[in-house]
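Taking it in order: structure first as structure tokens, then the write-up.
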DNA sequence: AATGAATGAGCATTCATTCAT
DNA sequence: GATGAATGAATGCTCATTCAT
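Protein chains in written order, with my numbering: chain Z, 13 to 215; chain U, 13 to 215; chain V, 13 to 215; chain P, 13 to 215.
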């Protein structure tokens, strides 16, 4: 006669609620009441399903990371190392299907929270290091890998994070979609390649 | 007869206090008491010299921006367009004299706060747009300007902001000083140039 | 399943608490802590049930006004216009059952607060204007209405408010109950009537 | 070589400053800084010339009372008891020369403060009692004094205070100048007199 | 006399967390 | 599971008063 547990569904509602509220207000100002309202629940339920507000954040961070990776895996249908590197960049920066402004704004807030909450910092660092190794592997698989793949990978990640920040804070700084386009070009710079397009019109 | 005003000195102390505390805790958790303590003052004094905590933040943001610009002007002793572009990047990313980890961590917090506090957002956007125009002018002065200087400028700024974020949150992701080095290379990619140096020593 | 709401009861407790405290200390000095204590609650609960201290005041003002009107309606069992006018005055000034010194002192504080808080001023003005129209109608229903019913009505209200003030601030200025008695006589003056009773026993 | 003392002038400036500020904000919200600014002085000077904010208020109350009395004495050029009574009422309520809306609003605030601050209450009560005796004497000097001069005097004072309250809080309740006019008529009611004008049109 | 900085207590309000129902 | 009331600590801000200059 026991009710079927809906704990998983409730937890997901709450995590989604935090994402929505945090995108607008940041973590500190995301009150339990606001999260519950965004989740369509009552405040008391939040602490029934999570021990603390921080616990919700930690799960949200994990999910955001997972979301990016699954997008990468979806994009990656090609075996060419070059194409795989570009798929990585597109999975992070391409606009269109799968792009979620709220998730981006939320991620920016997560990045700042990583400086304050040790637990968040730990997850964030783990995610970044794992992505860096991933990119590094992609770079090393290229026919002409860069001199210092570690630095190149870090630079690529930095640009991605910076594009998130600018997209959230200064949306009219550049046209949508500039980010992936530019990072592709910048990557050629990191690899010491010339741009074929440009190569044809030297000054 | 009248007591000489020390308001300017006190205001600067308070602004510096906010910078220190905010680098560690972010804006929300930078309490007036903590700011005052970092400034060596009593809490009441903060509101004697500033109408609100936000007012302190706004002044701090202006000062951080000014600091970067003056570093740029100090670095810029060369007339070559190329050298001036590189000086801009170095003024933002080069480690060594003038680099200030606390200021960087604080700036990351400012970037998040720009999403929440309209007044901060306004200043932040103004600063970013003005920097973008500055970079755009530097790019246009080059012998072979990029096809889309606006996008290239935005991408350069994004990488700078992203490097700040990673430097603050994941300091061991890449060796210090990688940022300027990498962005120089990336800029070559944006400009469609090959790297002669790198081409000759493929790994 | 769901916990039954006791919000209405709690709100009333808080409003009553404000009345008690405000009668003694006025609005500014009626701290949330004092209101909560008078209501037998903890301070945090006040802001759980009301968004602000001002919101409590606004509800209290509405209730005080309602209380007077219901007393008037209770007194008003007579169809003679004259008796109805006297019932109005008695509902405001008669001592005895229904008179509440704390409510009077509180109302005096409300009158001052009406000069400071725009929202209170608005309610206060509305209440006064509606009472004035009510008195005006009562005056016009008399066999010999005064020359200027609007002024007469305003004067009657002024005397009522003034009696509250003096009752609260100088309780030993005149014996209790003088107020209704005197205002009845003053009303005869406004109506241009002589007092037959008094006429017969000049001193 | 000692500077001539300007203490008296300074004190008066401060008292006038409190009057202005208190008329707008009430006593609690009349900050020392605001008083000083209204007085054209610096905050520190206020406490140089007065031991406390309350001390300023006490002096202000005394002056307001004195101002009314001197207006009464100015108006009182007639020996007829009736005319003297009317002059008293006019000195309190007549609009025109000598009327000061700020002083009226301030006096209303004083009336509320009399309920809170014992010292203010004491002065206020003394003033009211002395005025009551004054009016009582005026009433007793009439050819046909009222049956209960004490009550009649109290009622007259109540109407005056109430007119101040309404003039400050609901200025458009009645046309300016209604107050003195109405109180003259009301006084006839208190004295048991008919109004000659009205007498001619009995119902 | 005068100035304006400094202090510290007090206040309304917010909010994560707890818990009775 | 679910609800929403309850708690209490924390925080930005105000302000009378003091005091060094």
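Note that the Cβ used here is the ideal one computed from N, Cα and C, for glycine as well.
Of all Cβ atoms in chain P, is any one closer than 8 Å to the Cβ of residue i?
i                      : result
residue 136 of chain V : yes
residue 4 of chain V   : This structure cannot settle anything about residue 4 of chain V, because the visible part of chain V is limited to 13 through 215.
residue 147 of chain V : no
residue 108 of chain V : no
residue 86 of chain V  : no
residue 195 of chain V : yes
Given that a residue counts as buried once 16 or more other Cβ atoms are within 10 Å of its Cβ, and exposed if not, what is residue i?
i                      : result
residue 151 of chain Z : buried
residue 113 of chain Z : exposed
residue 170 of chain Z : buried
residue 82 of chain Z  : exposed
residue 173 of chain P : buried
residue 85 of chain P  : exposed
residue 145 of chain U : exposed
residue 186 of chain Z : buried
residue 104 of chain Z : buried
residue 41 of chain V  : exposed
residue 199 of chain Z : buried
residue 20 of chain V  : exposed
residue 52 of chain P  : exposed
residue 194 of chain U : buried
residue 56 of chain U  : exposed
residue 102 of chain U : buried
residue 208 of chain V : Only weak support exists for where residue 208 of chain V lies, its pLDDT of 46 falling under 50; the value from the coordinates is given anyway. Label assigned to residue 208 of chain V: exposed.
residue 180 of chain U : buried
residue 148 of chain P : buried
residue 98 of chain Z  : buried
residue 60 of chain Z  : exposed
residue 153 of chain V : exposed
Considering Cα atoms alone, identify which of the options is closest to residue i.
i                      : options                   : result
residue 183 of chain U : Z:68, Z:178, Z:199, Z:136 : Z:136
residue 122 of chain U : Z:178, Z:63, Z:169        : Z:178
residue 39 of chain U  : U:203, U:134, U:118       : U:118
residue 69 of chain V  : V:99, V:168, V:125        : V:125
residue 115 of chain V : V:156, V:153, V:80        : V:80
residue 159 of chain U : U:145, U:204, U:57, U:131 : U:204
residue 132 of chain Z : Z:180, Z:77, Z:105, Z:101 : Z:77
residue 35 of chain Z  : Z:146, Z:47, Z:189        : Z:47
residue 140 of chain Z : Z:54, Z:162, Z:180        : Z:162
residue 107 of chain U : U:20, U:196, U:189, U:100 : U:189
residue 30 of chain U  : U:201, U:66, U:153, U:15  : U:66
residue 155 of chain P : P:95, P:61, P:59, P:17    : P:95
residue 130 of chain P : V:24, V:37, V:16, V:32    : V:37
Quick check on residue i - is its C-beta less than 8 Å from some C-beta in chain U?
i                      : result
residue 140 of chain Z : yes
residue 82 of chain Z  : no
residue 173 of chain Z : yes
Give a yes or no on whether the minimum CB-CB distance between residue i and chain V is below 8 Å.
i                      : result
residue 192 of chain P : no
residue 186 of chain P : yes
residue 181 of chain P : yes
residue 209 of chain P : Confidence at residue 209 of chain P is low in this model, with a pLDDT of 44, below 50, so the placement of that residue should be treated as unreliable; the coordinate-derived value is given next. Yes - at least one Cβ of chain V is within 8 Å of the one on residue 209 of chain P.
Using beta carbons (cut-off 8 Å, strictly below), is residue i in contact with chain Z?
i                      : result
residue 104 of chain U : no
residue 76 of chain U  : no
residue 200 of chain U : yes
residue 178 of chain U : yes
residue 50 of chain U  : no
Cβ of residue i within 7 Å of any heavy atom in the ligand COA?
i                      : result
residue 200 of chain V : By its list of ligands, the structure shown contains no ligand whatsoever, and the ligand COA lies outside what it can speak to.
Can you give me, in chain order, the residues of the region 152-171 of chain P that have a beta carbon less than 7 Å from any beta carbon in chain V?
-> 156, 157, 159, 162, 163, 164, 166, 167, 169, 170, 171
Contact list for the region 54-70 of chain U against chain Z, Cβ threshold 9 Å = none
Write down every uninterrupted run of the alpha helix (DSSP H) in the region 33-73 of chain Z whose length is 4 residues or greater and which is fully enclosed by it, in chain order.
-> 44-51, 55-61
Pull out every residue of the region 19-42 of chain Z whose Cβ sits closer than 9 Å to any Cβ of chain U, in chain order.
-> 35, 36, 37, 38, 39, 40, 41
Which full runs of the beta strand (DSSP E) of 3+ residues lie inside the region 106-168 of chain P, going along the chain?
-> none
Which residues, taken in chain order from the region 113-134 of chain U, show a beta carbon closer than 7 Å to some beta carbon of chain Z?
-> 117, 120, 121, 123, 124, 126, 127, 128, 133
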